[in-house]
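For the first sequence, the numbering used here gives the first residue as 6, with consecutive numbering after it.
Just so it is clear, CB atoms sit at the ideal spot from N, CA and C, and this is done for glycine as well.
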Amino acid sequence: MSATENNVSMEKIVSLAKRRGFVFQSSEIYGGINGFWDYGPYGVRMKRAIEQLWWREMVETRDDVEGLDSTIICHPQVWKASGHLDQFSDEMCDCRDCKARHRIDMMEDPKVCSNCGGSNLTEPREFNLMMKTFVGPVSDDEHTAYLRAETCQPIFVDFHNVRIAARQKLPFGIAQIGKAFRNEINPRNFTFRSREFTQMEMEFFCEDEGSMDVFNYWKEQRIKYYREKLGFDDDFMRIHEHDKLAHYAKAAVDIEVKFPFGWGELEGIHHRGVWDMSQHEGSSGKEMQYMDHDNGRKIMPTVIETSVGLDRTFLALLAKAYDEEVIGEAKDGKAADIRTVLRLPAVVAPIQAAILPLSKKLSENAKELYNKLNRYFRCEFDVTGSIGKRYRRQDEIGTPYCVTFDFDSVDDNAVTVRHRDSMEQERVAITDLRDYLEKQID
RNA sequence: GCGAGUGUAGCUCAGCUGGUAGAGCAUCACGUUGCCAACGUGAUUGUCGACGGUUCGAAUCCGUUCACUCGCUCCA
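And the structure:
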């Protein structure tokens with residue numbers, strides 16, 4: 006089986022994720038809770054690494070994007086203005102005969118199924134995809150608030166605060182990584198569609214004139230990011246242009262990847278026009294326009310959005326990386342030797358270098374090396390079991406480099422570096438090791 | 001939300017028509033080995049998804065429920 010053919014089953018990924026501590030079901034001892042997942046020790050390392058990579062590319066290495074970390078709970082008006090409260094609150098009913106589901110407001114006759122003509126319908130029920138809570142000890146309508154359904158709305162709301170504090174002029178962007186919540190009707194496909202998830206969003210504010218160029222620029226940037234940083238090739242990734250646009254959008258593309266269950270959206274790049282900013286101006290009564298001091302013109306900023314699902318990126322990486330390689334054919338009644346290996350990019354691998362003493366007798370020296378490298382890379386130290394066993398363990402969690410400290414190391418001050426993908430080894434001087442790994446990883 | 005399937009150790013699964021739970025792998029220890037899952041010896045691990053019912057007795061039969069997978073539906 007090969008990951009490039011992408012015939013990895015979901016079961017294998019879920020099983021590995023659980024076994025090796027990438028992803029667990031939330032609240033498992035209570036039977037689990039639908040649509041919620043926990044990231045275990047290796048999972049959280051990898052998740053953070055993806056965040057760091059995105060943040061570095063989108064914020065730290067750019068002068069024209071600022072960061073923000075806003076609250077999950079905002080003033081309820083935010084969601085009224087964004088349209089979430091109205092659009093997410095459809096009354097729906099099901100036909101008991103043909104199983105079709107209808108929005109009440111879209112039906113000609115709310116008592117007759119438009120699909121089969123039957124009248125055996127369930128009572129209308131409200132489908133609100135926003136998660137509700139109460140602010141303060143009183144649980145009534147006046148104190149109702151919502152967990153954010155997307156991270157971008159607080160960015161719009163904070164536009165002027167960020168702009169002024171950072172002394173930014175148009176065009177510039179604001180980026181944020183954080184949790185978002187949706188009462189998905191049907192959580193599916195492991196972590197792909199869950200009810201609590203992490204978004205990495207960047208809203209780029211610009212003038213309307215030339216905004217399609219900005220849209221295309223970000224589209225190219227984001228595709229380049231997946232190709233160059235995460236190694237997503239054209240067999241694995243495709244661009245889906247929307248022909249049917251949402252009410253707020255002027256143009257939209259999705260970046261999709263091939264999951265075991267089919268193509269799925271990873272990132273949306275949307276031209277949102279002035280919709281959000283205008284909505285918040287109308288709703289708050291505060292001016293959201295931007296004054297261009299160079300020409301004295303006031304404009305409502307146009308927004309280009311790049312919106313990534315972090316959990317989906319994580320899952321896509323696992324699906325792409327998963328491989329089972331036959332090392333030895335079955336013979337003499339012995340089963341074939343199959344190596345399970347995650348061919349993850351080094352930049353996101355949960356462990357980047359494993360430090361392994363060839364023998365337990367070398368533990369102390371190896372540990373010393375580990376303590377040094379641990380400051381610069383995500384490292385793990387392992388003495389248990391044979392060296393081959395330890396290599397395989399690291400393969401399974403995608404560790405790109407195993408550093409083996411052997412009996413010669415004490416004398417020649419060098420170690421063996423074993424490569425995950427080729428299983429080949431080379432001798433590297435301990436003094437060069439940090440530089441060596443840095444070159445390989447970045 | 002509808003339909004189908006599944007749920008037994010960390011993972012993969014066995015457990016025939018009801019008699020009170022097993023294997024392989026994994027994990028750990030000791031010995032051995034010294035660069036690719038070795039080997040030997042020993043050890044740990046289970047509310048048999050949950051609740052209720054039938055029965056002298058339920059992992060096994062029945063009901064309900066929860067979770068996961070697949071197909072519809074949904075995804076502003």
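In the structure shown, the three-state DSSP call for T409 is strand. Nearest C-alpha to I360 among T389, V346 and I332: T389. Taking a cut-off of 8 Å for Cβ pairs, the region 178–195 and the region 149–166 touch, as three or more such pairs fall below it.
DSSP places E233 inside the alpha helix (DSSP H), whose first and last residues are S216 to E233. Close CB contacts of L152 within its chain, under the 6 Å cut and outside five residues either way in sequence, are with I77, M136 and F186 (chain order). Excluding the 5 residues flanking it on each side, R395 has same chain C-beta neighbours closer than 6 Å at L361 and D387, in chain order.
Collapsing the DSSP output to three states places G72 in a strand.
About 13 Å separates the Cβ atoms of Y375 and R439, ruling out a contact at the 8 Å cut-off. A residue is called buried when at least 16 other Cβ atoms come within 10 angstroms of its Cβ; S216 meets this threshold and is buried. Exclusion of the five residues before and after E385 leaves I356 and A359 as the residues of its chain whose Cβ lies within less than 6 Å of its Cβ.
Using a C-beta cut-off of 8 Å, the region 199–208 makes contact with the region 302–316, since at least three inter-stretch Cβ pairs fall below that distance.
DSSP, read as helix, strand or coil, puts G314 in strand.
In the three-state DSSP reduction, F186 falls in the strand class (E or B). In this chain, P159 is not harboured by any beta strand (DSSP E); it is covered by the alpha helix (DSSP H) spanning C157 to V162. Note on geometry: alpha-carbon atoms of S288 and D91 lie some 14 Å from one another.
Take the alpha-carbon of F412 and the one of W60: they are about 42 Å apart.
According to the DSSP secondary-structure assignment, C384 is paired through a beta bridge with A358. Judged by DSSP in its simplified three-state form, R198 adopts strand. Annotation for I179: E71, L73, I160, V167 and E208 place their beta carbon closer than 6 Å to its own, counting only its chain and skipping 5 residues before and after.
In the three-state DSSP reduction, R25 falls in the coil class, being neither helix nor strand. Sequence-distant Cβ neighbours of E214 in its own chain, meaning closer than 7 Å and more than five residues away, do not exist here.
Between P350 and L235, the CB-CB gap stays under 9 Å. Between V415 and L347, the gap from beta carbon to beta carbon reaches 9 Å or more. Membership of E261 in the beta strand (DSSP E) is indicated by the continuous run A256 to F264. 9 Å or more divides the Cβ of P306 from the Cβ of A354. For E212, the secondary structure class from DSSP, reduced to helix, strand or coil, is coil.
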